[in-house]
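**Q** Can you keep this structure in mind? I'll have questions shortly.
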Amino acid sequence: MNKTTIFARLASVLLMTSALFACGDKQADNSQAAATPAKTYQWKMATSWPKNFPGLGMAPEKFANYVNEMSGGRLTVKVYGAGELVPGFEVFDAVSQGTVQMGHSGSYYWKGKIPSSPLFGAIPFGMTATELNAWLHYGGGLALWQEMYKPFGIIPMAGGNSGAQFAGWFKKEINSMDDLKGLKMRIPGLAGEVLKRAGAVPVTLTGGEIFPALQSGAIDATEWVGPYNDLAFGFYQASDYYYYSIWHEPGTGLEFLINEQAFNELPKDLQKIVEVAARAVNESTLDEYNARNNNALKALVEKHQVQLRALPAPVLSELKKITAEVMAEQAAADPGFAKVWQSYSEFHDSIREYHDLTLKQYYQNR
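When we follow the working numbering, the leftmost residue of the sequence shown carries the number 158, and every step to the right adds one.
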């Protein structure tokens, strides 16, 4: 064996040894990386509802469970009911200030801060739940919603929908517009402004405050959600008449409020998990209300002898007329409202035309 061959073999052995050491180093690096735990995030969510309340209160709980499962525990969300961390009507401020990373509420509660906010939840004689969702996610509504909330450092996302809401509970029958004069009714948002123009006295209360106020006579009437939730609150014990005429909230969208800074600190995959979980809850909440409402209504009527009533056509006609006046005045008073209202109205006109040809005809024919 000549020297050239010996040196060649030695060089080959050295190269193989170096490669083995390199692989060992790489495996060690991978083992160290695997041993390093992923960063975790713990969020708090304040809500405007009683803890674990059916429908409304369970939406944030579902969201928290979805996020925890999809993230493998890297992002956990602890849910607090109204009053546990902050009062129900202070959720927006708590998220904006970073006191909590998230909130779950209804956008019409913030009308005093953002005049256009009710348009993202529910307005009298407005869009149904499916129409609202279509506008938000495919008609530019969500982008406008984010634009309106951005000055407050909040990212809004659709967080459920309770569907078409009943007109509410009344201690006396409503036979004409005169019966609304002086009526003290718990009703938020633009619907409250409409009733005020009709001579009533709108009152804003959180869910947990309604029954005592109705029972004591502090209010004469209340709207809340619909049979599923109204049965749970026991309103039939404090009121005689349940009006089913839909006018003030034909499809009530709920919202997730997310602190922008907290959201931006999340890795991209966790941000996507938050978005997907919100969309899932938005759909499942509406499904639940659609599934539960009729059985709850049967219990109210058959077990608790609730008297169902329809608002007279002249009353509904007058409320619709007042609504048009209120919307025009709101648009004239605030540029943000005018911008959102234009988008909302154009989409509403378009989808209503289509649904008149399809769903409306089907409902009549079946």
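Note that the Cβ used here is the ideal one computed from N, Cα and C, for glycine as well.
By alpha-carbon positions, which one of Leu388, Met334 and Tyr223 ends up nearest to Ser474?
**A** Of the candidates Leu388, Met334 and Tyr223, the one whose C-alpha sits nearest the C-alpha of Ser474 is Met334.
**Q** For Ile280 and Ala348, what's the separation of their Cα atoms in angstroms?
**A** 7 angstroms
**Q** Pro369 CB to nearest chain E CB: under 9 angstroms?
**A** In the displayed structure, chain E is absent; only one protein chain is listed.
**Q** Would you say the region 363-378 touches the region 432-452, given that touching needs at least three Cβ pairs under 8 angstroms?
**A** Contact fails: fewer than three Cβ-Cβ distances are below 8 angstroms.
**Q** Please report the distance separating the alpha-carbon of Arg231 from that of Gly320.
**A** 33 angstroms
**Q** Is Ile344 closer than 9 angstroms to Val472 when the C-beta atoms are compared?
**A** no
**Q** Taking 9 angstroms as the threshold (C-beta atoms), are Trp206 and Gly364 in contact?
**A** yes
**Q** For the candidate residues Ala453, Tyr401 and Lys478, whose alpha-carbon lies nearest to that of Phe529?
**A** Outside the shown range of the chain, which is 158 to 523, sits residue 529, and nothing can be said about it.
**Q** What does a CB cutoff of less than 6 angstroms around Gly255 pick up in its chain, not counting 5 residues either side in sequence?
**A** Asn416
**Q** Count the other C-beta atoms from every protein chain shown that fall within 10 angstroms of the C-beta of Asp540, then say buried if there are 16 or more, exposed otherwise.
**A** The question about residue 540 has no answer here: the residues shown for the chain are numbered 158 through 523.
**Q** Would Pro194 be called buried (16 or more neighbouring beta carbons within 10 Å of its own) or exposed?
**A** exposed
**Q** Express the C-alpha separation of Phe413 and Arg449 in angstroms, rounding to a whole number.
**A** 23 angstroms
**Q** Any idea if Ala216 is buried or exposed, counting beta-carbon neighbours within 10 angstroms, 16 or more meaning buried?
**A** buried
**Q** Do you know whose CA, among Gly240, Gln518 and Gln462, lies nearest Tyr399's CA?
**A** Gln462
**Q** With a 10 Å radius around its C-beta and 16 neighbouring C-beta atoms as the bar for buried, classify Gly339 as buried or exposed.
**A** exposed
**Q** Start and end of the beta strand (DSSP E) containing Lys201?
**A** In the DSSP annotation of this structure, the continuous segment of the beta strand (DSSP E) that includes Lys201 starts and ends at Tyr198 to Thr204.
**Q** Measuring alpha carbon to alpha carbon, tell me which residue in Val351, Trp326, Val382 and Ala488 is nearest Tyr446.
**A** Val382
**Q** Give a yes or no on whether the C-beta atoms belonging to Tyr401 and Ala488 are separated by under 9 angstroms.
**A** no
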